[in-house]
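Each residue of the sequence shown is one higher than the last, beginning at 1 in my numbering.
By construction, the Cβ of each residue, glycine as well, lies at the ideal position given by its N, Cα and C atoms.
A short worksheet on the structure shown next.
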Amino acid sequence: MKALTIRQPWAWLIVHAGKNVENRSWRSHYRGRFLVHAAKGMTLREYEEAKAWSCACGAIEIPAFGDLERGGVIGSVELVDVLDHSDSPWFMGPKAFVLRAPQALPFMPVKGRLGFFEVPTAHD
1 MKALTIRQPW
11 AWLIVHAGKN
21 VENRSWRSHY
31 RGRFLVHAAK
41 GMTLREYEEA
51 KAWSCACGAI
61 EIPAFGDLER
71 GGVIGSVELV
81 DVLDHSDSPW
91 FMGPKAFVLR
101 APQALPFMPV
111 KGRLGFFEVP
121 TAHD
């Protein structure tokens, strides 16, 4: 199954708190469900900026810095479109991967990669 690495806490916000767009600098022709891979790296500054942004968007509170799972798959979500602009409060540009139907999954350690990449699943 395809996966996309996303920095924490943004990955957690997609799976658990209604973040309905993923901001990217590139387009994708892929549409469909993909695994949300939480990147291994996360700085305190990234965490604090995301926490402030999520409060402004009315999201539920992000778990503590040390409680966020990293370096593996945390859920899945469906990519339904890629836009140049979005009215979503989560949009920062330049491209918006429009997301829907997030599902939390048990943590599965996986090494991340750039762009979409394949992760073997039990069904493969």
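DSSP places Lys2 within a strand segment (E or B) once states are collapsed to three.
As DSSP reads the structure, Ala38 sits in a beta bridge with Ile6, Gly72. By the C-beta density criterion, Pro106 is exposed, having fewer than 16 other C-beta atoms within 10 angstroms.
Around Trp90, the same chain offers Lys19, Asn20, Val21, Cys57 as residues with beta carbons nearer than 7 Å, after the five sequence neighbours per side are excluded. Here the alpha carbon of Val98 sits roughly 20 Å from the alpha carbon of Glu118. As DSSP reads the structure, Phe116 sits in a beta bridge with Leu4. A contact between stretches requires three or more CB pairs, one per stretch, nearer than 8 Å, and the stretch 59 to 67 fails this requirement with the stretch 23 to 36.
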